[in-house]
Amino acid sequence: MSFKEVRMKNKRKFLFFLMVSVLILASGAQTVTITYWQYYYESKVKLMDELIKKFESANPGIKVEQVTFPYESYNQKVAASIPAGEGPDVINLFYGWLPTYVKAGYLAELPKSEFSKDYFSKNFYPFVAESVQFDGKYYSVPTAVRTLALFWNKKLFKEAGYDPNIPPKTLDEVEAYAKKLSKYDARGNLIQAGLAMQPNGQGHNWIREVLFRQFGNTPYSPDYRKVLYADENGIAAFKWYTDRITKDKVGYPNFATDDVTAFKAGKAAMNIDGSFRIATLNAVKDLDWGVAELPSHKGIKSNYASFWTNSIVVGTSGKKLDASIKFLKFLASPEVQEIWLDKVGELPASPSLSDKYKNDPVISPFLKGLEYAHASAFVDEAGQRNVLVDAVDEVVLKKADPAIVLKNAAIKEQALIDDFWKK
Numbered sequence: 359m360s361f362k363e364v365r366m367k368n369k370r371k372f373l374f375f376l377m378v379s380v381l382i383l384a385s386g387a388q389t390v391t392i393t394y395w396q397y398y399y400e401s402k403v404k405l406m407d408e409l410i411k412k413f414e415s416a417n418p419g420i421k422v423e424q425v426t427f428p429y430e431s432y433n434q435k436v437a438a439s440i441p442a443g444e445g446p447d448v449i450n451l452f453y454g455w456l457p458t459y460v461k462a463g464y465l466a467e468l469p470k471s472e473f474s475k476d477y478f479s480k481n482f483y484p485f486v487a488e489s490v491q492f493d494g495k496y497y498s499v500p501t502a503v504r505t506l507a508l509f510w511n512k513k514l515f516k517e518a519g520y521d522p523n524i525p526p527k528t529l530d531e532v533e534a535y536a537k538k539l540s541k542y543d544a545r546g547n548l549i550q551a552g553l554a555m556q557p558n559g560q561g562h563n564w565i566r567e568v569l570f571r572q573f574g575n576t577p578y579s580p581d582y583r584k585v586l587y588a589d590e591n592g593i594a595a596f597k598w599y600t601d602r603i604t605k606d607k608v609g610y611p612n613f614a615t616d617d618v619t620a621f622k623a624g625k626a627a628m629n630i631d632g633s634f635r636i637a638t639l640n641a642v643k644d645l646d647w648g649v650a651e652l653p654s655h656k657g658i659k660s661n662y663a664s665f666w667t668n669s670i671v672v673g674t675s676g677k678k679l680d681a682s683i684k685f686l687k688f689l690a691s692p693e694v695q696e697i698w699l700d701k702v703g704e705l706p707a708s709p710s711l712s713d714k715y716k717n718d719p720v721i722s723p724f725l726k727g728l729e730y731a732h733a734s735a736f737v738d739e740a741g742q743r744n745v746l747v748d749a750v751d752e753v754v755l756k757k758a759d760p761a762i763v764l765k766n767a768a769i770k771e772q773a774l775i776d777d778f779w780k781k
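When we follow this note's numbering, the leftmost residue of the sequence shown carries the number 359, and every step to the right adds one.
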């Protein structure tokens, strides 16, 4: 081989390696990695892994890394990491935490060009748009929503002489059914709850956004800055709940561990619980159960809606911001909402999908409940929850007057709200 031929061959090799190097560098420059945080809940984590693969396949220039933490330490991790610049780009949070997260400076306002008022009104239930706003700005987008319903054990209904396919439809019927469905031992100890009463489960939500309203009370001012539930109607609602524990003795807090455990074990005939419980109960062998809309009272229906939602963390910018916006829109898409319902059991956040499930005996009662549901605008979700939970405990354990207890609870909750807005 001549010198000229050797030189040409080496030149070709050089050009080839140069081209490969340029392509590798270009490929690396086009790939952006974003980090997604959520608390650890097995079905959600596994599904998110699948969704991330689907998203990455459709967006080859974006990689998503999922990081999870135990629920109990989630907020502490957020508080320690985000201010230090060590947090995620996209974060999953309970909607009730949003005011605290925004005020702490954790979340970035969603770009108006991508997440307008029109975007929310066209794609989500009205309570969603109200709940992801703070000071007139949007901060978050959910995949799924949850609401409450009445679960009942068909086997226990049949044993008590009730039609196993017809649940109570009013609070008066619930009261009567619960008494007949309760069982006691020779010493009078409850061994089968007619109605599970778990205030620190969904009981406090049932009181707050359902019973208060059904008894003619509006629990808060329209902006949720004033507590209004301690009037005569609110007291009547609260007493109805506590009377089932203290007077009728059809259930009590932590019976058989808690309401979920009791219902799964066939030791509770009825329970008020959320749509997120569907997957859990489906996994219980030989448990024959049904779901119905929450019982009404004097023709009044109400329900409580909640959801986990996704936000972009403050400081996310450039290509990471662009990738985060795409990921948020993907997670809020109808396609993902349907997958989420199938794998996790939570309801689509878009009313456009409701017709598809209107004849489903398990899902349709929850979807109907969404039509008249309220999402409480918390400023201190844990603190406000504990106010009502502690109020029930005070009546049950200390035999205190429900009227006095509720009035004191309203004062305590008002102090929490006032303190938040003063700061």
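We put the CB at the ideal spot given by N, CA and C, even for glycine.
Just so it is clear, the structure is predicted and the values come from calculations on it, not from any experiment.
For the 8 Å Cβ check, are there 3 or more pairs between the stretch 590 to 610 and the stretch 751 to 769? The stretch 590 to 610 is in contact with the stretch 751 to 769.
In whole angstroms, give me the CA-to-CA distance for residue 495 and residue 467. Counting only the Cα atoms, residue 467 lies some 7 Å from residue 495.
Who does residue 698 pair with in a DSSP beta bridge? For residue 698, DSSP records no beta bridge to any residue.
What do you reckon, are the CB atoms on residue 570 and residue 580 nearer than 8 Å? It is not a contact, given that the beta carbons lie outside the stated cut-off.
Which residues bound the alpha helix (DSSP H) around residue 743? If you look at residue 743, you'll find it in the alpha helix (DSSP H) that goes 739 to 756.
Please tell me whether residue 730 and residue 656 are closer than 8 Å, where the distance is taken between their beta carbons. No.
Grouping DSSP H, G and I as helix and E and B as strand, with all else coil, what is residue 608? Residue 608 sits in coil when the DSSP states are folded into three classes, being neither helix nor strand.
Beta-carbon within less than 7 Å of residue 623's beta-carbon, same chain only, minus the 5 sequence neighbours each way: which residues are those? A distance below 7 Å between beta-carbons, with the five flanking residues on each side excluded, links residue 623 to the following residues of its chain, in chain order: 614.
Could you tell me which of 747, 459, 419 sits nearest to residue 388, measuring between CA atoms? Of 747, 459, 419, the residue nearest in Cα terms is 419.
Between the beta-carbon of residue 559 and the beta-carbon of residue 616, is there less than 8 Å? Against a cut-off of 8 Å, the Cβ pair of residue 616 and residue 559 comes out as a contact.
Please classify residue 568 as buried or exposed, where buried requires at least 16 other C-beta atoms within 10 Å of its C-beta. By the 10 Å Cβ count, residue 568 comes out buried.
How would you write the range of the alpha helix (DSSP H) that residue 794 sits in, first residue to last? This structure leaves residue 794 out entirely; the chain is present only between 359 and 781.
Which two residues bound the contiguous alpha helix (DSSP H) that contains residue 703? Residue 703 -> no alpha helix (DSSP H), and no H or E assigned at all.
With C-beta atoms as the reference, is residue 538 less than 8 Å away from residue 561? No, the pair does not count as a contact, with Cβ atoms beyond the cut-off.
Between which two residues does the alpha helix (DSSP H) holding residue 631 run? For residue 631, there is no enclosing alpha helix (DSSP H); the enclosing beta strand (DSSP E) covers residues 628 to 632.
Check whether the stretch 396 to 415 and the stretch 455 to 464 are in contact - that is, three or more C-beta pairs closer than 8 Å. Not touching, per the Cβ criterion.
Exposure label - residue 471; buried when at least 16 CB within 10 Å: Classified as exposed, residue 471 has fewer than 16 neighbouring CB atoms from the shown chains inside 10 Å of its CB.
Taking all protein chains shown into account, do 16 or more other C-beta atoms lie within 10 angstroms of the C-beta of residue 415, making it buried, or fewer, making it exposed? Around the Cβ of residue 415, a 10 Å sphere holds fewer than 16 other Cβ atoms; the residue is exposed.
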